[in-house]
Amino acid sequence: MKFAVLSTSLDPESRSAWLCTLAAQGLRDGGHTVIHLDLRETPLPPFDNALCYAHPNAELYHRTIREADGVLLGVPVYNWGLGSGARTLVELTGSSDTERNLHGAWFDKPVTFLVSGGLDHGYLSHGAFALGLMYDFRCVINPHFVYATSAHWDAPGVPGEWLAGRMSRTVERTADLSERLRGRDYHSVWEI
């Protein structure tokens, strides 16, 4: 299968980017094709609902999501919500407007969250964002996700035992969910 692993943090020492690297490697080790994009290396412009669609990386992200059997979204938590990179990515690649020939890439995708936060009790900070993906784009949100704080890492990019196990299970269940949902004969569109 083909997976999109998308790191949305702009932090040079991003722990959510480390999660994406681990997930991408786990998927590759499982024999899957992975396109791993990082907003720090492949940036997107601010979402303005006009000129942003002409940015050279906009089509790359749109195509990567559209062609994936599953999407893993690496996100940082700030003030009990997700960072602006995730919102920009979804707004830009999710827009639908028949007059401008825009069709969102996210429709019907299985989505797995890889979340980095500061405190253990912020583990559901991605919930409202996930709900938006589910309702706006009919995404299937994987209930198996990773939430990690700085305490879960043994060293930069080196997961502790608990985090390594959680990542392994999440990657396996992501592949399983995506396989079960593959080949559906319907394609959703934006509607209220």
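Mapping to full-length UniProt numbering: the sequence shown position 35 is 35, numbers consecutive. The beta carbon of each residue, even a glycine, is placed where N, CA and C say it ideally should be.
Per DSSP, Ala-151 is not a residue of any beta strand (DSSP E), being assigned neither H nor E. Sorting Ala-17, Pro-12, Arg-15 and Leu-27 by C-alpha distance to the C-alpha of Lys-2 places Leu-27 at the top. Taking the CA atoms as reference points, Arg-87 sits about 24 Å from Leu-177. Note: Phe-3 is bridge-paired with Val-34 and Gly-70 in the DSSP secondary-structure output. Phe-113 is positioned such that its CB atom lies no closer than 8 Å to that of Ala-128. Within the same chain, Cβ atoms closer than 7 Å to the Cβ of Leu-181 are found at Pro-110 and Val-140, the five residues on either side in sequence being excluded. Here Ala-17 is actually not in contact with Met-167; their C-beta atoms are around 14 Å apart, not less than 8 Å. Each of Asp-29, Tyr-147, Ser-125 and Ala-175 was checked against the Cα of Gly-81, and the nearest Cα belongs to Ser-125.
Each of Leu-119, Thr-98 and His-187 was checked against the Cα of Phe-137, and the nearest Cα belongs to His-187. In this chain, the alpha helix (DSSP H) harbouring Leu-27 covers 15-29. C-alpha of Gly-117 to C-alpha of Leu-19: approximately 12 Å in a straight line. Taking Thr-170 as the centre and dropping the five residues before and after it, the same chain places the C-beta of His-144 and Val-146 closer than 6 Å to its C-beta, in chain order. If you look at Phe-129, you'll find it in the alpha helix (DSSP H) that goes 127-137.
By the C-beta criterion, the segment 50-68 is judged to be in contact with the segment 99-109, since at least 3 inter-stretch pairs fall below 8 Å.
Residue pairing by DSSP places Thr-170 opposite no residue, since no beta bridge is assigned to it.
Considering only Asn-57, Ser-96 and Thr-174, the residue with the shortest C-alpha distance to His-32 is Thr-174.
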